[in-house]
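Presented below is the structure to which this report refers.
Numbering (the UniProt record's numbering), first residue to last: 1 to 108.
Structural data, given as structure tokens:
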């Protein structure tokens, strides 16, 4: 999934299987874009309290406790280059219950 200028909203539904990737700083063509805005990821079918975050290099992996309970992360979202900051950030993540996380504090 690709963002761009302005505020972007992404939705991921658990139970469909697989991992989706967000790149908020590039256009769908893969060319650098403008990114920015206040971006939000909705993790559907899970409570905000069950959302888990993992750093892999510069990427942020977002999943839930049920997915990781078997020791394997096989559902969720990768936010590419999140830890590089700037236009790569997705600022907020919410569960389907509206409980959420402000991710801006993860990037120093």
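In this text, a Cβ means the ideal position worked out from N, Cα and C, and glycines have one as well.
Do the CB positions of residue i and residue j come within less than 8 angstroms of each other?
i, j, result
"residue 178", "residue 38", "Any question about residue 178 goes unanswered here, given that the chain covers just 1 to 108."
"residue 43", "residue 95", "yes"
"residue 46", "residue 83", "no"
"residue 22", "residue 36", "no"
Indicate the three-state DSSP secondary structure (helix, strand or coil) for residue i in the structure shown.
i, result
"residue 68", "helix"
"residue 86", "helix"
"residue 7", "coil"
"residue 47", "coil"
"residue 98", "coil"
"residue 15", "coil"
"residue 105", "helix"
"residue 39", "coil"
Just how far apart, CA to CA, sit residue i and residue j?
i, j, result
"residue 1", "residue 72", "23 angstroms"
"residue 88", "residue 5", "11 angstroms"
"residue 66", "residue 77", "14 angstroms"
"residue 29", "residue 99", "Confidence at residue 29 is low in this model, with a pLDDT of 49, below 50, so its placement is unreliable and the value that follows should be read with caution. Going from the Cα of residue 29 to the Cα of residue 99 covers about 33 angstroms."
"residue 8", "residue 70", "32 angstroms"
*Three-pair Cβ contact test at 8 angstroms for the region 12–20 versus the region 47–55*: Cβ pair count under 8 angstroms is below three, so no.
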